[in-house]
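Structure first, then comments.
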Amino acid sequence: MTAHEWFIEHRTEYAARVLDAEESAAFAAHLAHCDACRSAVARIEAELEWLPMGATPVAPRPEFEGRVLAHAIGRSASPWRRWALPIGIAASLVSGLAGWQIGQAKAVATPPSVAAVVTDTTGRAQLAALRDTLSIMRTAARVMQATITMQGKEGGMVIFADPVTHRWNVVVHGLPKAPVDGRYQFWFIRSDGMVRGAEVQVDPTRPMIFTTGMPPGDGEILGAALTIEPMEGQSASPQGRELAHVML
Amino acid sequence: MPTAGVPSLSLHRDGTPDSSSPAAREAALRGRIVERDERALAELITATTPWLLGVARGMLHDTDDAEDVVMEVFRTLWNTLDGGGDGATGLMPLLLRMTRQRAIDRLRQRTRGVRLVEALSPGEQARSAVAPVEPNEAAQAGWHIHRRVHAALGALPDDQRSAVMLAYFEGLAQSEIAARLGVPLGTVKTRLRLAFGKLRTTLAPLKDWVP
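Residue numbers (this note's numbering), protein chains in the order written: chain A, 1 to 248; chain B, 1001 to 1211.
In structure tokens:
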């Protein structure tokens, strides 16, 4: 077999990109000066152009398409843009510190993992809350956020995840009061199922923030969700309407 | 590059382009993106992302890596698409090719450590990459192409289909396939050559899907 016969024989494998790396590189170099092979490879590529559609489609994670768009058009090129919303929320928290009474997270099923950030309106407690908040935001490796629209108003949930302490700061903002027969409930999405977190007591006039550790157990934490649960009973899994979920 | 199955631009009787034809819609969408219409790009992202993620995820077995690949593909498209160049190639085939190529590049960069794919059994590999989508899961556009491709793959003999799955959809090198299947390297090459020859014949008539 001559050298060129080898290239002719392997046109299809090259066009399908299934040659090993060294062979593929040699073929690419050959194409630079062989019109016949270049033309043949182009034709085969066209014949096989839909073959990748045999792969099983994967549903994108929430917010992914938005990230793709932002990345493509360059809005995420500058790091501050990625942090714009979280920083904006943090700034709002700071600017309103004097007048705020940050809501208390009510631990329900996982008392050791949930801590109220602020339980009174004294300056010391507020400063402690601010320090805790900024500490986690500063080291947060991931910021997850979801938009929630209720009763014509747009709010959301933002989670700052600290990989060192394995604690999250959760901000819920812009939501109306819970219905009379329901309550806002935070859930962990874990590889072995949903785990009840804190009940979120929303005040429509200000953001609610709480810090939570991870629930006990061996399952991997995959994300979090916010639901409205019936007032009566405490099911081990969500029974009410899902408002938002975010995935790590 | 010549394109298989691209219908010629349809014309109304008065000679104006038929905007309902796939070619006209393709040209319109491409033109809007070239004109930096972000909404057009958003439409393209929404329509095509599940398929692109499927291609990248099937090869990389890592969702974060797959997402990185898809993000880079769209960034490249946004920054490089113009009226010429790859204009003869449909947007979707172009995106699929770019995604596969970037996934291959990323696979080849994994020079250390155990590749995630090796942690899967052969049965899991076959299911993970090219498991057919059930009709009730396939409400999204492009499913008819997916079904046609699966029919073509399903028509291959088992040994040839396994080689294609591992080489094309999993991104394994031919030497890795030979080791995995316990057959000589030459046998893998023969199976791939025969399989792709049949796939070329079967898939060439496919018409465009315009996102």
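All residues carry an ideal CB built from backbone N, CA and C; glycine is no exception. Since this is a predicted model, take the numbers as computed values, not measurements.
Helix, strand or coil for residue i per DSSP?
i, result
"residue 190/A", "strand"
"residue 32/A", "coil"
"residue 146/A", "strand"
"residue 224/A", "strand"
"residue 1078/B", "helix"
"residue 2/A", "coil"
"residue 1197/B", "helix"
"residue 1137/B", "Caution applies to residue 1137/B, whose pLDDT of 48 falls short of 50 and renders its modelled position unreliable; the model cannot decide the point."
"residue 1132/B", "At residue 1132/B the pLDDT is 47, less than 50, meaning the model places this residue with poor confidence and gives no usable figure here."
"residue 243/A", "strand"
"residue 1062/B", "coil"
"residue 54/A", "helix"
"residue 156/A", "strand"
"residue 231/A", "coil"
"residue 214/A", "coil"
"residue 185/A", "strand"
"residue 205/A", "coil"
"residue 196/A", "strand"
"residue 161/A", "strand"
"residue 1143/B", "helix"
"residue 43/A", "helix"
"residue 1209/B", "coil"
"residue 173/A", "strand"
"residue 167/A", "strand"
"residue 23/A", "helix"
"residue 1191/B", "helix"
"residue 61/A", "coil"
"residue 1172/B", "coil"
"residue 1054/B", "helix"
"residue 49/A", "coil"
"residue 10/A", "coil"
"residue 79/A", "Caution applies to residue 79/A, whose pLDDT of 42 falls short of 50 and renders its modelled position unreliable; the value that the coordinates give is listed next. Looking at residue 79/A - three-state DSSP - the assignment turns out to be helix."
"residue 238/A", "coil"
"residue 1089/B", "coil"
"residue 1022/B", "helix"
"residue 248/A", "coil"
"residue 1159/B", "helix"
"residue 1072/B", "helix"
"residue 1038/B", "helix"
"residue 1204/B", "coil"
"residue 1032/B", "helix"
Please tell me whether residue i and residue j are closer than 9 Å, where the distance is taken between their beta carbons.
i, j, result
"residue 55/A", "residue 1186/B", "no"
"residue 219/A", "residue 193/A", "yes"
"residue 167/A", "residue 212/A", "yes"
"residue 72/A", "residue 1074/B", "yes"
"residue 195/A", "residue 208/A", "no"
"residue 1203/B", "residue 1163/B", "no"
"residue 1038/B", "residue 243/A", "no"
"residue 1097/B", "residue 1089/B", "yes"
"residue 176/A", "residue 145/A", "no"
"residue 178/A", "residue 158/A", "no"
"residue 161/A", "residue 143/A", "yes"
"residue 1077/B", "residue 1069/B", "no"
"residue 1200/B", "residue 31/A", "no"
"residue 1211/B", "residue 60/A", "no"
"residue 245/A", "residue 217/A", "no"
"residue 170/A", "residue 231/A", "no"
"residue 1173/B", "residue 21/A", "yes"
Would you mind giving the Cβ-Cβ distance between residue i and residue j, rounded to the nearest angstrom? I have them listed as a contact below 8 Å.
i, j, result
"residue 62/A", "residue 214/A", "Contact doesn't hold; Cβ gap of about 21 Å is too wide."
"residue 65/A", "residue 1033/B", "Not a contact, Cβ separation roughly 16 Å."
"residue 1209/B", "residue 1141/B", "7 Å"
"residue 1056/B", "residue 1103/B", "5 Å"
"residue 221/A", "residue 188/A", "6 Å"
"residue 1145/B", "residue 1052/B", "That pair is no contact at about 13 Å."
Contact list for the stretch 40 to 53 of chain A against chain B, Cβ threshold 8 Å: 42, 43, 44, 45, 46, 47, 48, 49, 50, 51, 52 and 53
Contact list for the stretch 1034 to 1065 of chain B against chain A, Cβ threshold 7 Å: 1038, 1041, 1042, 1045, 1046, 1049, 1050, 1051, 1053, 1054, 1055, 1057 and 1058
Validate contact between the stretch 1145 to 1162 of chain B and the stretch 1058 to 1072 of chain B using beta carbons, cut 8 Å, 3 pairs: no
Members of the stretch 1184 to 1201 of chain B that neighbour chain A once the beta carbon cut-off is set at 9 Å: 1189, 1192, 1193, 1196, 1197, 1199, 1200 and 1201
The stretch 42 to 56 of chain A in contact with the stretch 1089 to 1096 of chain B per 3-pair CB rule at 8 Å: yes
Residues, ordered as in the chain, of the stretch 1141 to 1169 of chain B that lie near chain A by beta-carbon distance below 7 Å: 1142, 1145, 1146, 1149, 1150, 1153, 1167, 1168 and 1169
Stretch-stretch touch, CB-based, cutoff 8 Å, three pairs: the stretch 1166 to 1183 of chain B with the stretch 11 to 21 of chain A: yes
Meets three-Cβ-pair contact criterion under 8 Å: the stretch 31 to 42 of chain A and the stretch 1 to 13 of chain A: yes
Interfacial residues, the stretch 55 to 72 of chain A to chain B, with Cβ spacing under 8 Å: 55, 56, 57, 58, 59, 60, 61, 64, 65, 67, 68, 69, 71 and 72
Contact residues within the stretch 3 to 24 of chain A, judged by C-beta distance below 7 Å to chain B: 12, 13, 16, 17, 18, 20 and 21
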